[in-house]
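Okay, so here's the structure we're looking at.
Protein chains: 2
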Amino acid sequence: MTIANVSPLEINPATPNVVDPRRRRAPEERPAQILDAAFHEFGERGLAGARLDDIAKRAGVAKGTIYLYFPNKEALFREMVRTTTIAAIESAEQLAEQESHESAETQLRRLSVGWWTFLRSDRFQVVQRLVLAELQHFPDLMQFYADEVVARGRRLIGAIVERGTARGEFRPIVPATAARMLSSLTMMQAIWCDRRQCFPELAGVTDEHIREEILDFYLSALRPIQ
Amino acid sequence: MTIANVSPLEINPATPNVVDPRRRRAPEERPAQILDAAFHEFGERGLAGARLDDIAKRAGVAKGTIYLYFPNKEALFREMVRTTTIAAIESAEQLAEQESHESAETQLRRLSVGWWTFLRSDRFQVVQRLVLAELQHFPDLMQFYADEVVARGRRLIGAIVERGTARGEFRPIVPATAARMLSSLTMMQAIWCDRRQCFPELAGVTDEHIREEILDFYLSALRPIQ
DNA sequence: CACTAAACTGACTGGTCAGTCATTAATACA
DNA sequence: TGTATTAATGACTGACCAGTCAGTTTAGTG
Numbered sequence: 011m012t013i014a015n016v017s018p019l020e021i022n023p024a025t026p027n028v029v030d031p032r033r034r035r036a037p038e039e040r041p042a043q044i045l046d047a048a049f050h051e052f053g054e055r056g057l058a059g060a061r062l063d064d065i066a067k068r069a070g071v072a073k074g075t076i077y078l079y080f081p082n083k084e085a086l087f088r089e090m091v092r093t094t095t096i097a098a099i100e101s102a103e104q105l106a107e108q109e110s111h112e113s114a115e116t117q118l119r120r121l122s123v124g125w126w127t128f129l130r131s132d133r134f135q136v137v138q139r140l141v142l143a144e145l146q147h148f149p150d151l152m153q154f155y156a157d158e159v160v161a162r163g164r165r166l167i168g169a170i171v172e173r174g175t176a177r178g179e180f181r182p183i184v185p186a187t188a189a190r191m192l193s194s195l196t197m198m199q200a201i202w203c204d205r206r207q208c209f210p211e212l213a214g215v216t217d218e219h220i221r222e223e224i225l226d227f228y229l230s231a232l233r234p235i236q
Numbered sequence: 011m012t013i014a015n016v017s018p019l020e021i022n023p024a025t026p027n028v029v030d031p032r033r034r035r036a037p038e039e040r041p042a043q044i045l046d047a048a049f050h051e052f053g054e055r056g057l058a059g060a061r062l063d064d065i066a067k068r069a070g071v072a073k074g075t076i077y078l079y080f081p082n083k084e085a086l087f088r089e090m091v092r093t094t095t096i097a098a099i100e101s102a103e104q105l106a107e108q109e110s111h112e113s114a115e116t117q118l119r120r121l122s123v124g125w126w127t128f129l130r131s132d133r134f135q136v137v138q139r140l141v142l143a144e145l146q147h148f149p150d151l152m153q154f155y156a157d158e159v160v161a162r163g164r165r166l167i168g169a170i171v172e173r174g175t176a177r178g179e180f181r182p183i184v185p186a187t188a189a190r191m192l193s194s195l196t197m198m199q200a201i202w203c204d205r206r207q208c209f210p211e212l213a214g215v216t217d218e219h220i221r222e223e224i225l226d227f228y229l230s231a232l233r234p235i236q
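Top to bottom, those sequences are chains W and B.
All letters in the first sequence, in the order written, are residues 11 to 236 by the numbering used here.
All letters in the second sequence, in the order written, are residues 11 to 236 by the numbering used here.
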């Protein structure tokens, strides 16, 4: 969907290629196509539950083709988690770009909007489910996720909070702890939003409202003591 | 092993039950034995990944025996989630019993200790993983979990917060929102604690310290505005 | 003790699916 | 046009595993 590229071969002056597109040569596109299909199938069924035939069908490719680009199912899974995660971080960091002249509260507010958008996206929901459910069996991927997603996010928040404390906007607090608090509030509730129908209390509330509640709650915990 | 019979005379009348315990009749115990084994196997490998042969072996029972008590793999899974969840709630509610004369802060503090103990137990970690990973395919179980675990917990916290607000201990806040904030802080960080090795920041910190950080942070967000 | 009913067993079956490979199609180049 | 090379296919294989059932063991009863 996102990753699957537009084929440069499609741009054709004379349209001589009326061939079955499935058999057309386009080796550069294959990995992305397959990874995208894998993302959906693994996301839906998990590592053990997903079938390679389904991934192939979704990618518009024969099963054998998958094995031209990935040595086996597990490697495909690993690679899918890696690429999806990387794509996710990049889009999140773009959104969270900060201007240093702003107040810490304003920075936090902007970070909150960007991050929440990302957390509520389909891609994150799937990654999150896989991380929580399957990554215990892949210590290296877990580490990768911890370093590249969690730690990076924490540093971002921690820096803002530290600056806010220094400016007297916030009460004194260990930045790492403060970052962990905001992460947990936001991540957990983003996951719950995805299961809205089960939580009557959330059913009538918009995503945006929840995001604001979280931020207000968080800011009131950081409020300086009189 | 099966064909080579044990002579019934071998059974000493003084110690009558030296029979292979695996073949002793105990139909009342079977479901619990099987469910316990299922808990471990499903918890480790997920619904699709777990093998009934392994569950049987762990339960000390033949595969066929499982089918005397449960119609199929999925039903066993459902039943396992149900019973585990119920056991979990009951143990958690015992811990959280409150005395009405205490201050809201003290009540919250006691609830926090009991709940955290539960959240950090093996049983909860496994249930939580299954809920997040698999329960989307079982809407009825998801609903059951939402009603019996999440909603119950929220009501408990909400009531305490409401009382605290009425007494002027806490600032005015929607009790349901306040409950959701504490739930998300606690649940998410309990899950992270289980993956300690991946988060260098948590590695050197005790569970108890994190629990206190959460509670202090929470209380400071509820602090009345001057 | 003999007989019956209930509990239990584990070899077997049939379906499923990861992974293979002989074959076919497309392209590049002479 | 022919030949070589690379890309892709999908029928096939073998392992695996949920679910079955004919047979075995145990306990209860007269």
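Built from N, CA and C at the ideal position, the CB exists for glycine as well.
Every value quoted in this text rests on a predicted model; they were computed, and no experiment measured them.
Partner residues on chain W for residue i, Cβ-Cβ distance less than 7 Å
{"i": "residue 59(B)", "result": "58"}
{"i": "residue 203(B)", "result": "Chain W residues near residue 203(B): none, gap ~11 Å exceeds 7 Å."}
{"i": "residue 160(B)", "result": "209"}
{"i": "residue 198(B)", "result": "194, 197, 198"}
Proximal residues to residue i (C-beta, below 8 Å), its chain only, five neighbours per side dropped
{"i": "residue 217(W)", "result": "126, 130, 203"}
{"i": "residue 128(W)", "result": "98, 101, 102, 105, 134"}
{"i": "residue 115(W)", "result": "174, 179, 229"}
{"i": "residue 160(B)", "result": "193"}
Assigned exposure category for residue i - 16 Cβ within 10 Å defines buried
{"i": "residue 193(W)", "result": "buried"}
{"i": "residue 37(W)", "result": "exposed"}
{"i": "residue 57(B)", "result": "buried"}
{"i": "residue 42(B)", "result": "exposed"}
{"i": "residue 122(W)", "result": "buried"}
{"i": "residue 182(W)", "result": "exposed"}
{"i": "residue 207(W)", "result": "exposed"}
{"i": "residue 32(W)", "result": "For residue 32(W), the predicted model reports a pLDDT of 47, less than 50, meaning its position is unreliable and no value from the coordinates is stated."}
{"i": "residue 185(B)", "result": "buried"}
{"i": "residue 235(W)", "result": "exposed"}
{"i": "residue 200(W)", "result": "buried"}
{"i": "residue 177(W)", "result": "exposed"}
{"i": "residue 140(W)", "result": "buried"}
{"i": "residue 44(W)", "result": "buried"}
{"i": "residue 138(B)", "result": "buried"}
{"i": "residue 46(W)", "result": "buried"}
{"i": "residue 165(B)", "result": "exposed"}
Limits of the unbroken alpha helix (DSSP H) element including residue i
{"i": "residue 4(W)", "result": "Limits of chain W in this structure are 11 at one end and 236 at the other, which puts residue 4(W) out of reach."}
{"i": "residue 68(B)", "result": "62–69"}
{"i": "residue 220(B)", "result": "217–232"}
{"i": "residue 135(B)", "result": "132–144"}
{"i": "residue 44(W)", "result": "40–59"}
{"i": "residue 157(B)", "result": "Element bounds for residue 157(B): n/a, residue is neither H nor E."}
{"i": "residue 194(B)", "result": "185–204"}
{"i": "residue 128(W)", "result": "114–129"}
{"i": "residue 211(B)", "result": "210–213"}
{"i": "residue 235(W)", "result": "No alpha helix (DSSP H) holds residue 235(W); DSSP gives it neither H nor E."}
{"i": "residue 74(W)", "result": "73–79"}
Proximal chain B residues relative to residue i, where beta-carbon distance stays under 8 Å
{"i": "residue 187(W)", "result": "223, 227"}
{"i": "residue 101(W)", "result": "Here the premise fails: no neighbours, minimum Cβ distance about 22 Å."}
{"i": "residue 5(W)", "result": "As shown, chain W starts at 11 and ends at 236. That puts residue 5(W) outside it, with no answer to give."}
{"i": "residue 156(W)", "result": "205, 208, 209"}
{"i": "residue 236(W)", "result": "236"}
Cβ-based neighbour list, residue i, same chain, cut-off 7 Å, excluding 5 preceding and 5 following
{"i": "residue 49(W)", "result": "90, 94, 136"}
{"i": "residue 68(W)", "result": "47, 50, 51"}
{"i": "residue 113(W)", "result": "179"}
Chain-ordered neighbours of residue i on chain W, where CB pairs are closer than 8 Å
{"i": "residue 62(B)", "result": "Those within 8 Å of residue 62(B) in chain W number zero; the least Cβ separation is about 14 Å."}
Residues near residue i by beta carbon distance below 6 Å, same chain, minus five either side
{"i": "residue 118(B)", "result": "170"}
{"i": "residue 221(B)", "result": "126"}
{"i": "residue 191(B)", "result": "none"}
{"i": "residue 75(B)", "result": "none"}
{"i": "residue 145(B)", "result": "151, 152"}
Where residue i meets chain B, residues with beta-carbon distance less than 7 Å
{"i": "residue 231(W)", "result": "227, 230, 231"}
{"i": "residue 195(W)", "result": "191, 194, 195"}
Neighbour list for residue i in chain W, Cβ cutoff strictly below 9 Å
{"i": "residue 143(B)", "result": "56, 139, 140, 142, 143, 144"}
{"i": "residue 104(B)", "result": "Neighbours of residue 104(B) on chain W: none; closest Cβ ~25 Å, over 9 Å."}
beta-carbon residue i near the ligand ATP non-hydrogen atom, thresh 7 Å
{"i": "residue 87(W)", "result": "With respect to the ligand ATP, the structure shown offers nothing to examine, as it has no ligands at all."}
*Assess, as a yes-or-no matter, whether the segment 57–70 of chain W is touched by the segment 61–68 of chain B under the definition of 3 or more beta carbon pairs within less than 8 Å.*
Segments in contact, no.
*asked:* Taking contact to mean 3 or more Cβ pairs, one atom from each stretch, closer than 8 Å, check whether the segment 141–159 of chain B and the segment 218–234 of chain B are in contact.
replied: No, the segment 141–159 of chain B is not in contact with the segment 218–234 of chain B.
*Tell me, please, whether the segment 80–91 of chain B touches the segment 102–118 of chain B by the rule of three or more beta-carbon pairs shorter than 8 Å.*
No contact exists between the segment 80–91 of chain B and the segment 102–118 of chain B.
*Pair every Cβ in the segment 207–221 of chain W with every Cβ in the segment 208–215 of chain B, then say whether three or more of these pairs are closer than 8 Å.*
As far as the Cβ criterion goes, the segment 207–221 of chain W does not touch the segment 208–215 of chain B, which means the pair count is below three.
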